[in-house]
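Under the numbering used here, the first residue of the sequence shown carries the number 3, and numbering increases by one thereafter.
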Amino acid sequence: MREMRLSISNKSGLIPKLISYLYPSECPSCGAATDNIVYAPLCISCWSGIKKYSGPACNICSTPFSSEYSDICAECLKTPPVFSRALSFGLYADTLATAINIYKFHGIKRLYKPLGKFLLEFDIAGADAIIPVPLSVNSLRARGFNQSLLLAKFVSDNSKIPLMLDGLIKSLETPPQIGLSAKERISNLKGVFRAVRDFSGMRLLLVDDVMTTGATVKECSRQLLKAGAEDVVVLTLARASST
Ligand SMILES: [Zn+2]
Ligand SMILES: [Zn+2]
Numbered sequence: 003m004r005e006m007r008l009s010i011s012n013k014s015g016l017i018p019k020l021i022s023y024l025y026p027s028e029c030p031s032c033g034a035a036t037d038n039i040v041y042a043p044l045c046i047s048c049w050s051g052i053k054k055y056s057g058p059a060c061n062i063c064s065t066p067f068s069s070e071y072s073d074i075c076a077e078c079l080k081t082p083p084v085f086s087r088a089l090s091f092g093l094y095a096d097t098l099a100t101a102i103n104i105y106k107f108h109g110i111k112r113l114y115k116p117l118g119k120f121l122l123e124f125d126i127a128g129a130d131a132i133i134p135v136p137l138s139v140n141s142l143r144a145r146g147f148n149q150s151l152l153l154a155k156f157v158s159d160n161s162k163i164p165l166m167l168d169g170l171i172k173s174l175e176t177p178p179q180i181g182l183s184a185k186e187r188i189s190n191l192k193g194v195f196r197a198v199r200d201f202s203g204m205r206l207l208l209v210d211d212v213m214t215t216g217a218t219v220k221e222c223s224r225q226l227l228k229a230g231a232e233d234v235v236v237l238t239l240a241r242a243s244s245t
């Protein structure tokens, strides 16, 4: 791509205009000039500051917490989740949050590759299929792409674990979740996701961009297990605090 840019004749000045239109010139994280086309509009320095979370976290759901006495968070102890494990690369903060928002809400689709690389840092061998959290038809129409699907495809392409696109659908819009407790959020999502094939005996990797309360991935996991799946592991880019 870089070579192509250099070799294109630039008599009219249209090419630089096009590039500055496609890649806004300021990094949204630090304000410096964008210096690359892989992470653009984010600059290389900000992108390389994105680090995997390595602090104390729940062994089941990856919620960051500090306790010397337990490896499992209070929520998982009270109500063990239906998925066996939720893996998350980082915390939904700083540059990682900016990158995800730009990817998801500003249509910078090509960021699925550098973001997807973060998901390859986990040992996912053993999964039989990768399932992205689906969007409803209306959301897909409005956004133009499913951010979780592109991430799932990237993981599939690089791990050779098959991507399964027709197994789980979102047939209803998510009802408003504001003001609901974690438990209410899950029951509020009943009937929203539907497994439409048999997953008997399969170990599944469910991919989403961000996990907040976990209501969405819990309900998706519940549907996949109901359809016969043996095990569901959730894989997300970032863990957001629900408070
Ligand atoms: Zn920057
Ligand atoms: Zn937990």
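Just so you know, even glycine gets a beta-carbon here, dropped at the ideal spot from N, CA and C. Please read all numbers here as calculations on a predicted model, not as lab measurements.
From which residue to which residue does the alpha helix (DSSP H) around ILE102 run? That run of the alpha helix (DSSP H) goes 96 to 107.
For a quick check, are the C-beta atoms of SER64 and ARG199 less than 8 angstroms apart? Contact flag unset, no.
How is the beta strand (DSSP E) around LYS172 delimited, first residue to last? Counting along the chain, LYS172 sits inside the beta strand (DSSP E) bounded by residues 170 to 172.
May I have a chain-ordered list of the alpha helix (DSSP H) segments no shorter than 4 residues that lie completely inside the stretch 162 to 240? Listed in chain order, the complete alpha helix (DSSP H) runs (minimum 4 residues) inside the stretch 162 to 240 are 184 to 190 and 217 to 228.
Out of LEU121, CYS78 and LEU44, which one is the CA nearest neighbour of LYS54? LEU121 is the residue among LEU121, CYS78 and LEU44 whose C-alpha sits nearest the C-alpha of LYS54.
What I want to know is whether the C-beta of ILE110 ends up closer than 7 angstroms to one or more non-hydrogen atoms of ligand 2. In this structure, ILE110 has its CB at a distance of at least 7 angstroms from all heavy atoms of ligand 2.
Between the stretch 188 to 195 and the stretch 151 to 167, can you find at least three pairs of beta-carbon atoms closer than 8 angstroms? By the C-beta criterion, the stretch 151 to 167 is judged not to be in contact with the stretch 188 to 195, since fewer than 3 inter-stretch pairs fall below 8 angstroms.
Contact defined as beta carbons within less than 8 angstroms: I believe PRO164 pairs with SER150. What is the distance between those atoms, to the nearest angstrom? Actually they are not in contact, since the Cβ atoms of PRO164 and SER150 sit about 16 angstroms apart, beyond 8 angstroms.
Does ligand 1 have even one heavy atom less than 7 angstroms from the beta-carbon of SER31? At least one heavy atom of ligand 1 is nearer than 7 angstroms to the Cβ of SER31, so yes.
Distance, ALA99 Cα to LEU227 Cα: Rounded to whole angstroms, the separation of the alpha carbons of ALA99 and LEU227 is 30 angstroms.
Tell me which residue opens and which closes the beta strand (DSSP E) that ILE133 is part of. That run of the beta strand (DSSP E) goes 131 to 134.
Tell whether a beta-carbon distance below 8 angstroms holds between GLU175 and ASN140. A contact, by the Cβ cut-off of 8 angstroms.
Bridge partner(s) assigned by DSSP for LEU89: When beta bridges are read from the DSSP output, LEU89 appears opposite LEU237.
Tell me whether ALA35 sits in a helix, a strand or coil according to DSSP, three-state version. In this structure, ALA35 counts as strand in the three-state DSSP scheme.
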